[in-house]
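This report refers to the structure that appears directly beneath it.
Numbering (this note's numbering), first residue to last: 1213 to 1363.
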């Protein structure tokens, strides 16, 4: 990483740039409608390296629990530690909002994300059978993970 990494909240004006990254990163990306709903109900954060948007993340906090709903790094910027920086920013923000535990689900096949979450302190607590649509038309299990948040 050569430029400073910064974060700011997403606005509706950011939608096209966010969708471009989302569609490049996932076979089953979030839609414009999901992001529009998210702007009303969740905190959506954008990550920049210098002036370039390189990722986004979505958290929901209810009372003392956070749910990490989406974390995405632009494919050409993956593998450089940006995902960890984004995850750390989102977890610190959840803590500021009084969350003391965070939950997430991820595809069983997403081993890089699993390692990222595990290295951050998340533990696998369960599975949801056939939760996600798979690229081959079948279904894929979700791994459920949780992490205690600290200041």
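We treat Cβ as the ideally placed atom computed from N, Cα and C, and that holds for glycine.
Computed from a predicted model, the values in this text were never measured in an experiment.
- Query: Using the C-alpha atoms, what's the distance from residue 1271 back to residue 1240?
  - Reply: If I take the Cα positions, the gap works out to 19 Å.
- Task: Measure the alpha-carbon distance for residue 1266 versus residue 1350 and round it to whole angstroms.
- Result: Distance between the alpha carbons of residue 1266 and residue 1350: 31 Å.
- Are the beta-carbon atoms belonging to residue 1319 and residue 1276 less than 7 Å from one another? Between residue 1319 and residue 1276, the C-beta gap is not smaller than 7 Å, which leaves the two residues out of contact.
- Use the C-beta contact count for residue 1248: other C-beta atoms within 10 angstroms, 16 or more gives buried, fewer gives exposed. Exposed, because fewer than 16 other Cβ atoms sit within 10 Å of the Cβ of residue 1248.
- Where do the ends of the alpha helix (DSSP H) carrying residue 1374 lie? Nothing about residue 1374 can be read from this structure; the chain reaches only from 1213 to 1363.
- residue 1230 to residue 1224 span [Cα, whole Å]: 10 Å
- Task: Could you tell me which residues DSSP pairs with residue 1268 in its beta bridges?
- Result: Answer by DSSP bridge pairing, in chain order: 1258 and 1284.
- State the start and end residues of the unbroken beta strand (DSSP E) segment that holds residue 1315. 1313-1319
- Item | Which of helix, strand or coil DSSP assigns to residue 1249 | helix
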